[in-house]
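Read through the structure below, which is laid out as structure tokens, and then see the notes.
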Amino acid sequence: MTQIQTETLKINDVDLNLRRAGEGETLLLLHGANGNTSWMPVFEKLSENFHVILPDHPGFGGTSTPEWMDNISDMAYFYLDVIDTLGLSNFHLAGHSMGGWVGVEIGVRDSNLIKSLTLVAAAGIWVKGTPIGDLFSWTPEETARKVFAQKHFIKQMLTLQPSEEELEVALKNRQMAARLCWSPRLHNPDLRKWLHRLKIPTLIMWGDCDGIFPEPYAHAYQDLIPNSTLKIYKNCGHVPMLEARDDFLKQLLAFPQEVK
Numbered sequence: 000m001t002q003i004q005t006e007t008l009k010i011n012d013v014d015l016n017l018r019r020a021g022e023g024e025t026l027l028l029l030h031g032a033n034g035n036t037s038w039m040p041v042f043e044k045l046s047e048n049f050h051v052i053l054p055d056h057p058g059f060g061g062t063s064t065p066e067w068m069d070n071i072s073d074m075a076y077f078y079l080d081v082i083d084t085l086g087l088s089n090f091h092l093a094g095h096s097m098g099g100w101v102g103v104e105i106g107v108r109d110s111n112l113i114k115s116l117t118l119v120a121a122a123g124i125w126v127k128g129t130p131i132g133d134l135f136s137w138t139p140e141e142t143a144r145k146v147f148a149q150k151h152f153i154k155q156m157l158t159l160q161p162s163e164e165e166l167e168v169a170l171k172n173r174q175m176a177a178r179l180c181w182s183p184r185l186h187n188p189d190l191r192k193w194l195h196r197l198k199i200p201t202l203i204m205w206g207d208c209d210g211i212f213p214e215p216y217a218h219a220y221q222d223l224i225p226n227s228t229l230k231i232y233k234n235c236g237h238v239p240m241l242e243a244r245d246d247f248l249k250q251l252l253a254f255p256q257e258v259k
């Protein structure tokens, strides 16, 4: 089994908690508003092909909460400092949900060191006539039915009994996500004006039953990002790395290797 290493790095005034595993080209994973739980089921498999790095964002998981971080733009600039500190170059970047939004904001600012970008059910833009799901107001049952399309995963989410420590982390994550994404809700009104700056190979991965960012958001991203590729998963919600795991892994493992 792959050895997963956990470490804490001091970057500016932030104690950044991250996980690493594997060898080869670097794949930096950025998680969504619920923390790193969506990436962990595929982390080990990805590390068989890449040197995978999965940080907890500032204010999430085991990373400290800086007073100055107020929005996703702050997060993007922070990760540019992380990239410098880690000495990353010619690396692959993949972001899920809010993490996809962060990845896009990084890319439009400076994509010179990024070899490829993968967006999984990414936040960040607004599609007129297609409301974004209000994940901050849903009940647990509503959340489960909006996040997942398949009954097995809905039931699994509803019957999950988190520990006291896990509940504390979930509350911390939720508070920080609200701080970063509350207004405007889960998007940057100016972002679509700058997506033409993403000249790097970009893969967009989406579930056709996503109840947070419905499928029109996937097509909007494809229209706005030059030469991007779109993969839609059938009978799949907001977390294709779970509901379409095998096909998702096949695509995510192959895409960076196809990039010259």
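Residue 140 in numbering that gives the first Met the number 0 sits at position 141 of the sequence shown, with consecutive numbering throughout.
All C-beta atoms in this analysis are idealised placements derived from N, C-alpha and C, irrespective of residue type, glycine included.
As the structure is a prediction and not an experimental result, all values here were calculated from the model.
If you draw a straight line from the C-alpha of L8 to the C-alpha of L28, how long is it?
16 Å
Length at least 4, wholly inside the region 212-238: the alpha helix (DSSP H) runs in chain order:
215-223
Could you check whether the Cβ of P40 sits closer than 7 Å to any heavy atom belonging to the ligand NAP?
Among the components modelled here there is no ligand, and therefore nothing to report on the ligand NAP.
Roughly how many whole angstroms lie between the Cα atoms of P215 and G61?
34 Å
Alpha helix (DSSP H) segments (min. 4 residues) lying fully within the region 59-91
71-85
In chain order, what residues of the same chain lie with their CB nearer than 7 Å to the CB of A177, ignoring the 5 residues before and after it?
F135
Determine the burial state of K145: buried for a count of at least 16 other Cβ atoms within 10 Å of its Cβ, exposed for fewer.
buried
Enclosing alpha helix (DSSP H) for G98 [first to last residue]
Its alpha helix (DSSP H) spans residues M97 to R108.
Which residue or residues does DSSP assign as beta-bridge partners of N16?
T7
Unbroken alpha helix (DSSP H) runs of length 4 or more, entirely within the region 142-208: which are they?
Secondary structure remark: continuous alpha helix (DSSP H) runs of at least 4 residues inside the region 142-208, in chain order: 150-158 and 163-180.
Of the residues F147, D80, L170 and E24, which one's Cα is nearest the Cα of N11?
Just measuring C-alpha positions, the residue of F147, D80, L170 and E24 sitting nearest N11 is D80.
Is K259 helix, strand or coil when you go by DSSP?
coil
Contact belief for A121 with Y220 at Cβ below 8 Å, rounded distance in angstroms:
7 Å
Comparing alpha-carbon positions, which option in V101, R108, S88 and E104 lies nearest K114?
S88
Since I believe A148 is in contact with G236 (beta carbons under 8 Å), could you give me their beta-carbon distance rounded to a whole number of angstroms?
4 Å
Taking just the CA atoms, how far does I211 sit from P130?
The alpha-carbon atoms of P130 and I211 are separated by roughly 9 Å.
Tell me G123's beta-bridge partners as DSSP assigns them.
Per DSSP, the beta-bridge partners of G123 are H186.
Out of A253, L185, L166 and R191, which has the shortest C-alpha to C-alpha gap to P200?
A253
Alpha carbon to alpha carbon, what distance is there between V238 and V119?
A straight-line Cα-Cα distance of about 8 Å links V119 and V238.
So, M204 versus F247, is the Cβ gap smaller than 8 Å?
Contact annotation: M204 and F247 have beta-carbon atoms nearer than 8 Å.
Where do the N-terminal and C-terminal ends of the beta strand (DSSP E) with P54 fall, by residue?
H50 to P54
Since L93 and L251 are thought to touch, with beta carbons under 8 Å apart, how far apart are those beta carbons, to the nearest angstrom?
Note that residue 93 is Ala in the sequence shown, not Leu. Right, their Cβ atoms sit about 7 Å apart.
Could you compute how far the alpha carbon of L185 sits from the alpha carbon of R191?
13 Å
Let me confirm a value: T25 is counted as buried when at least 16 other C-beta atoms fall within 10 Å, else exposed. Which label applies?
buried
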